[in-house]
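Line by line, the protein sequences are chains A and B.
If you read the first sequence in the working numbering, its first letter stands for residue 1, the second for the next number, and so on.
If you read the second sequence in the working numbering, its first letter stands for residue 1, the second for the next number, and so on.
Every residue gets a Cβ at the ideal spot worked out from N, C-alpha and C, and that includes glycine.
Every value quoted in this text rests on a predicted model; they were computed, and no experiment measured them.
Beneath this line is the structure, given in structure tokens, with notes to follow.
2 protein chains.
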Amino acid sequence: MSIVICLFYFIVATAAKNAIEDRNKLLERELKMMLGSDISLSDSEMKANEIIMDLKIKELDYAFHHPQTFNLSKHFFDYKDEVEDTELFKLLQQMPKGAVLHAHDTGLLSPDYVLELTYMKDLYVCFQKGQVQFLFSENIPKTPCAVKWQLLSDARLSSSNVEKFDADLRKLFTLVVSNPKEVYSDVNAAWRKFQQYFITTGPLLSYKPVWEQYFYDTLKAFREDNVMYIEIRSVLPELYDLDGNVYDSVETALIYKEVLDRFMEDYPDFYGAKLIYAPFRMVDTKTVKKYIDIAKEIKRLAPDFLAGFDLVGQEDIGAPTKDFLSELEEAKSELDFFFHAGETNWYGTSSDENLLDVIALDTKRIGHAFALIKHPVLLEEVKKRGIALEVNVVSNVVLKLVDDVRNHPLAAFLAQDLPVVLSSDDPGVWEATPLTHDFYVTFLGVASRHADLKMLKKLALNSLYYSTYPNKDKIVHEFEIRWTKFIDNIVKDKW
Amino acid sequence: MSIVICLFYFIVATAAKNAIEDRNKLLERELKMMLGSDISLSDSEMKANEIIMDLKIKELDYAFHHPQTFNLSKHFFDYKDEVEDTELFKLLQQMPKGAVLHAHDTGLLSPDYVLELTYMKDLYVCFQKGQVQFLFSENIPKTPCAVKWQLLSDARLSSSNVEKFDADLRKLFTLVVSNPKEVYSDVNAAWRKFQQYFITTGPLLSYKPVWEQYFYDTLKAFREDNVMYIEIRSVLPELYDLDGNVYDSVETALIYKEVLDRFMEDYPDFYGAKLIYAPFRMVDTKTVKKYIDIAKEIKRLAPDFLAGFDLVGQEDIGAPTKDFLSELEEAKSELDFFFHAGETNWYGTSSDENLLDVIALDTKRIGHAFALIKHPVLLEEVKKRGIALEVNVVSNVVLKLVDDVRNHPLAAFLAQDLPVVLSSDDPGVWEATPLTHDFYVTFLGVASRHADLKMLKKLALNSLYYSTYPNKDKIVHEFEIRWTKFIDNIVKDKW
Ligand SMILES: [Zn+2]
Ligand SMILES: [Zn+2]
Numbered sequence: 001m002s003i004v005i006c007l008f009y010f011i012v013a014t015a016a017k018n019a020i021e022d023r024n025k026l027l028e029r030e031l032k033m034m035l036g037s038d039i040s041l042s043d044s045e046m047k048a049n050e051i052i053m054d055l056k057i058k059e060l061d062y063a064f065h066h067p068q069t070f071n072l073s074k075h076f077f078d079y080k081d082e083v084e085d086t087e088l089f090k091l092l093q094q095m096p097k098g099a100v101l102h103a104h105d106t107g108l109l110s111p112d113y114v115l116e117l118t119y120m121k122d123l124y125v126c127f128q129k130g131q132v133q134f135l136f137s138e139n140i141p142k143t144p145c146a147v148k149w150q151l152l153s154d155a156r157l158s159s160s161n162v163e164k165f166d167a168d169l170r171k172l173f174t175l176v177v178s179n180p181k182e183v184y185s186d187v188n189a190a191w192r193k194f195q196q197y198f199i200t201t202g203p204l205l206s207y208k209p210v211w212e213q214y215f216y217d218t219l220k221a222f223r224e225d226n227v228m229y230i231e232i233r234s235v236l237p238e239l240y241d242l243d244g245n246v247y248d249s250v251e252t253a254l255i256y257k258e259v260l261d262r263f264m265e266d267y268p269d270f271y272g273a274k275l276i277y278a279p280f281r282m283v284d285t286k287t288v289k290k291y292i293d294i295a296k297e298i299k300r301l302a303p304d305f306l307a308g309f310d311l312v313g314q315e316d317i318g319a320p321t322k323d324f325l326s327e328l329e330e331a332k333s334e335l336d337f338f339f340h341a342g343e344t345n346w347y348g349t350s351s352d353e354n355l356l357d358v359i360a361l362d363t364k365r366i367g368h369a370f371a372l373i374k375h376p377v378l379l380e381e382v383k384k385r386g387i388a389l390e391v392n393v394v395s396n397v398v399l400k401l402v403d404d405v406r407n408h409p410l411a412a413f414l415a416q417d418l419p420v421v422l423s424s425d426d427p428g429v430w431e432a433t434p435l436t437h438d439f440y441v442t443f444l445g446v447a448s449r450h451a452d453l454k455m456l457k458k459l460a461l462n463s464l465y466y467s468t469y470p471n472k473d474k475i476v477h478e479f480e481i482r483w484t485k486f487i488d489n490i491v492k493d494k495w
Numbered sequence: 001m002s003i004v005i006c007l008f009y010f011i012v013a014t015a016a017k018n019a020i021e022d023r024n025k026l027l028e029r030e031l032k033m034m035l036g037s038d039i040s041l042s043d044s045e046m047k048a049n050e051i052i053m054d055l056k057i058k059e060l061d062y063a064f065h066h067p068q069t070f071n072l073s074k075h076f077f078d079y080k081d082e083v084e085d086t087e088l089f090k091l092l093q094q095m096p097k098g099a100v101l102h103a104h105d106t107g108l109l110s111p112d113y114v115l116e117l118t119y120m121k122d123l124y125v126c127f128q129k130g131q132v133q134f135l136f137s138e139n140i141p142k143t144p145c146a147v148k149w150q151l152l153s154d155a156r157l158s159s160s161n162v163e164k165f166d167a168d169l170r171k172l173f174t175l176v177v178s179n180p181k182e183v184y185s186d187v188n189a190a191w192r193k194f195q196q197y198f199i200t201t202g203p204l205l206s207y208k209p210v211w212e213q214y215f216y217d218t219l220k221a222f223r224e225d226n227v228m229y230i231e232i233r234s235v236l237p238e239l240y241d242l243d244g245n246v247y248d249s250v251e252t253a254l255i256y257k258e259v260l261d262r263f264m265e266d267y268p269d270f271y272g273a274k275l276i277y278a279p280f281r282m283v284d285t286k287t288v289k290k291y292i293d294i295a296k297e298i299k300r301l302a303p304d305f306l307a308g309f310d311l312v313g314q315e316d317i318g319a320p321t322k323d324f325l326s327e328l329e330e331a332k333s334e335l336d337f338f339f340h341a342g343e344t345n346w347y348g349t350s351s352d353e354n355l356l357d358v359i360a361l362d363t364k365r366i367g368h369a370f371a372l373i374k375h376p377v378l379l380e381e382v383k384k385r386g387i388a389l390e391v392n393v394v395s396n397v398v399l400k401l402v403d404d405v406r407n408h409p410l411a412a413f414l415a416q417d418l419p420v421v422l423s424s425d426d427p428g429v430w431e432a433t434p435l436t437h438d439f440y441v442t443f444l445g446v447a448s449r450h451a452d453l454k455m456l457k458k459l460a461l462n463s464l465y466y467s468t469y470p471n472k473d474k475i476v477h478e479f480e481i482r483w484t485k486f487i488d489n490i491v492k493d494k495w
């Protein structure tokens, strides 16, 4: 009898062990596949990892049991300031994050910075209904104004309340509002306000002295957020000055190069910048051809500075990439592509299928690739061809592609170790830090609870690996030095 | 010179042709992979497909250009009534949809139906603050009531306004509100109200005469929505009657069987029902063992009626499946499993990893599998092992897993032809039709713009194929007959 019982328990125990073994094996296979799993941590890194994971897990597990407290499931505007005070955020800010590979040059600095620019002399303003226009000029501008051009300093002086006057101006330079879910009811509503930002700030920022200063200060801001290198996209607008000079796209590009050289002299520990010429996509074929010629000319004059070519603007309403396929194909041998694609949730539409076109065009990286998760063949191709995905989580929330970051496809991309780099798109427009907020949201809100320092390090390394920085060994070596210092500081509690 | 030009154009044309060919090949590969791509349409089906796709594309393309008009990006409660008047909805209602494989027995009929039940005699009510209790009884119930038990008919009669009285009662039987985004601020807020529905309606529905009628009328409602077979989940509560009899879970199951037999006599064109015993998961190991014994006993008494076993309740707060792994593993040889798993967006948590356990336990199907998209290894396993995914899109919106259905992982599941079946979970609680709304939302809001009649047919066929109906050939044959009739009606414009 006891033998029967024993046998019974033996069978049960064996069976149970099998299911546990099975599930653990499945988990192990998944963890081994995850982005960062190929990184092995040193003893110091393991200690630092414990500290980081302690912060992460504590916050996550509390939120799991009190979901209403979980910041990351709310709108970015509701928590972005609050989280800056957390230890985890401060730690990620200190962390060497590698490169920023997806950022638009005139959306990078805060509304406070832009407001400050309105204190410059020679700035005129035209307060029209529903549209404020700026222009630097020695005399009253000749551009039409439905009301009247006045010096901004005069307008400010004659306002009854300067604080309110400035607060109203500042609103023009940000998408942040207290009730984002009402104001930005759909993708197009968000994009309208987003595009309005660029229209309004255009003549402010394309004043040559401002343009130079803005870029210089951008490089400074990214450096301070522990970014070591940046590839910046620009529509390269015409610049102007008070003497009536106008600078075309090629000249604008060269002006960037000059500013960069000056910055590198002042901050030799920075690893520089490259330019991706990315003009508006809502144009005809002829204009695209003109764009390509401009890109080629920039490449001829500054071959080391130009990384390549892209097209920008809301994909859902712009022309699909397919419309320019033969023009772009023709330019392929001379220009590298870094196309935006799949920044949409309209599955099976022309904008969704820009993903097909940019891959057919051998794009080096894809900007956003939000819709890629719905394209199993393209997921394979991206992996096979090593096409990096420039993912901008915060941007996708602000521009209404996804509400709860936990539903962002990046979670799946990280799970299967796609070539992901994190970037920030236009952090100034939503008052985020240059890159830290995107790392924070990804690490705490998107990635698996298991994702740890290995994933953080790999994301930073990916950004260097998939950059066009010419000397990868050099930049990775320098990154490792900074990383080791960062780890030491954590372990010694000196951060 | 002209030869050089010719050569130049030749090269350009060839290059362009390559990119177009490439993108078209990629698209073709994707379309060939999509769920339903293996279906070939007859001439009649092709004609019907044109009619259906005309309706779909017209609506989709208008919405693409006017996204604020797109119902499917809003909350389900905002559009569910409105869309019932569309031609596409009516067509999908007529369409033979196969089987419903994921539905919970006491959440299937409308609040109006439940309200109607409160007009039955012998129903007592206790209006306590924040909690209304019902009980059928010959005399004043002895169960505690903080205020007082009264006959519901008396309470209604003495109310100053019967219409308002009934409207207030009705609110207890539905999750639908006019401002869902405020009321249901997070997953747990939605689940609290959802569970309250089951607590409140429990004693109403577990009164034996009501229980029998509710099930009978459920079968009728699903049959009328062109569902031919159903596998219904039940916690199998104790039933009661006026004579003081109490019926345990096994008896409750057998009562279902009797009702089913009666229904099949009245409606021999229906293909029947099976039971999945699915008690609450928030229990200890001992209770799970008791559950398993109950399931085995039902199986012994009604082997053709019991499909298998599951556990229900909010995964994020219930015990993880892992806690019961050895008990369930032990039962595996005798019971088939149809587990809920991955109904969460907390990636890497214990609830997320229920997916690992249920696959290790050889579950036949997975209820929801919402989080599966973040598990590349499990995606493979599910496909390899032919584990069907019971996807309930509308439920996931109402219970706050995802806001915009276009971000539902089902889109990716369909793209890679995972074994998907569409179901409706608890359509009565959110005032949806038994299955049509889930098909409508999937077809128009989740699937690719390219997805057509082939996908619709395949989804219906999947629901038969992955059911436990014993004679697949027979049920599929009958389905084909009904399908042909449906197609003929569309083509002859007689639907
Ligand atoms: Zn961008
Ligand atoms: Zn369910």
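Q: Could you tell me which residues DSSP pairs with serine 234 (chain A) in its beta bridges?
A: A:Tyr277
Q.
Please report the distance separating the alpha-carbon of threonine 468 (chain A) from that of lysine 299 (chain A).
A. 14 Å
Q | At least three beta-carbon pairs within less than 8 Å, the region 314 to 325 of chain B to the region 346 to 357 of chain B | A | yes
Q) By how many angstroms is the C-alpha of leucine 422 (chain A) removed from the C-alpha of leucine 401 (chain A)? A) 17 Å
Q) Do the region 259 to 277 of chain B and the region 294 to 310 of chain B make contact, defined as three or more Cβ pairs closer than 8 Å? A) yes
Q: From the DSSP output, read off the bridge partner residues of valine 125 (chain A).
A: A:Phe134, A:Gln150
Q.
Please state the DSSP three-state secondary structure of isoleucine 317 (chain A).
A. coil
Q) According to DSSP, what are the bridge partners of glutamate 390 (chain B)? A) B:Gly367, B:Val421
Q. With burial defined as no fewer than 16 other Cβ atoms inside 10 Å of the residue's Cβ, what is the status of isoleucine 490 (chain B): buried or exposed?
A. buried
Q: To the nearest angstrom, report how far apart aspartate 243 (chain A) and glutamate 327 (chain A) are at their CA atoms.
A: 37 Å
(Q) Helix, strand or coil for leucine 335 (chain A)? Go by DSSP, reduced to three states. (A) coil
Q: Give the residues of chain B in contact with threonine 349 (chain A), contact being defined as C-beta atoms less than 7 Å apart.
A: Phe64, Arg449
Q) Nearest to leucine 459 (chain B) by alpha carbon, out of B:Ala99, B:Ala103, B:Ile51? A) B:Ala99
Q | Which listed residue (A:Ala155, A:Asn139, A:Arg156, A:Gln133) has its alpha carbon closest to that of cysteine 145 (chain A) | A | A:Gln133
Q: Sort B:Lys129, B:Val125, B:Gly130 by Cα distance to phenylalanine 136 (chain B) and report the nearest one.
A: B:Val125
Q: Check each candidate in A:Val382, A:Thr106, A:Leu325, A:Val83 and name the one with the smallest Cα separation from tryptophan 211 (chain A).
A: A:Thr106
Q.
I want to check one thing, is the minimum distance from the CB of valine 398 (chain A) to the heavy atoms of ligand 1 below 7 Å?
A. no
(Q) Can you check which of these residues, B:Thr69, B:Phe165, B:Leu335, B:Asn245, is closest to phenylalanine 127 (chain B) by C-alpha distance? (A) B:Phe165
Q | Short-range partners of chain A found in the region 304 to 319 of chain B, where Cβ spacing is below 9 Å | A | Asp316, Ile317
Q: With a cut-off of 8 Å on the beta carbons, I'd call leucine 254 (chain B) and leucine 301 (chain B) a contact; round off their distance for me.
A: 6 Å
Q) Does the Cβ-Cβ distance between phenylalanine 215 (chain B) and tyrosine 256 (chain B) come in under 8 Å? A) yes
Q | C-beta neighbour in chain B for tryptophan 346 (chain A), strict 8 Å | A | yes
Q: Could you give the DSSP three-state label for histidine 65 (chain A): helix, strand or coil?
A: helix
Q. What are the boundary residues of the alpha helix (DSSP H) that includes valine 358 (chain A)?
A. 354 to 360
Q: Could I get the ranges of all uninterrupted alpha helix (DSSP H) runs contained in the region 244 to 272 of chain B, with 4 residues as the minimum, in chain order?
A: 249 to 266
Q | Residue-chain proximity (valine 187 (chain A), chain B), Cβ-Cβ < 8 Å | A | yes
Q) Can you list, in chain order, the residues of its chain whose CB lies under 7 Å from that of isoleucine 11 (chain A), leaving out five sequence neighbours each side? A) In this predicted model, isoleucine 11 (chain A) has a pLDDT of only 49, less than 50, meaning its place in the structure is not dependable; the value taken from the coordinates is given anyway. So the list is empty, once near-sequence residues are dropped.
(Q) Just checking: is the beta-carbon of methionine 33 (chain B) within a distance shorter than 8 Å of some beta-carbon in chain A? (A) yes
(Q) Which residue marks the beginning of the alpha helix (DSSP H) containing aspartate 114 (chain A), and which one marks its end? (A) First, the residue type needs correcting, since residue 114 (chain A) is valine and not aspartate in the sequence shown. Segment 111 to 117, the alpha helix (DSSP H) holding valine 114 (chain A).
Q.
Looking at chain A, is there any beta carbon in it that lies within less than 8 Å of the beta carbon of glutamate 30 (chain B)?
A. yes
Q) For a contact meaning CB atoms closer than 7 Å, what does valine 402 (chain A) contact in chain B? A) Asn407
**Q.** Contact list for serine 234 (chain A) against chain B, beta-carbon separation under 7 Å
**A.** Within 7 Å Cβ-Cβ: nothing; serine 234 (chain A) doesn't reach chain B, min ~25 Å.
Q: Measure from the C-beta of serine 73 (chain A) to each C-beta in chain B and report whether the shortest distance is under 8 Å.
A: yes
Q: Please go through the same chain and pick out, in chain order, the residues whose beta-carbon is closer than 6 Å to the beta-carbon of methionine 228 (chain B), but skip the five residues on each side of it.
A: Tyr271
Q: Tell me, to the nearest whole angstrom, how far the beta carbon of asparagine 18 (chain A) is from that of glutamate 329 (chain B); I am working on the premise that it is less than 8 Å.
A: 7 Å
Q. Among all residues, which have a Cβ less than 6 Å from at least one non-hydrogen atom of ligand 2, and in what chain order do they fall?
A. B:His102, B:His104, B:His340, B:Gly367, B:Asp425
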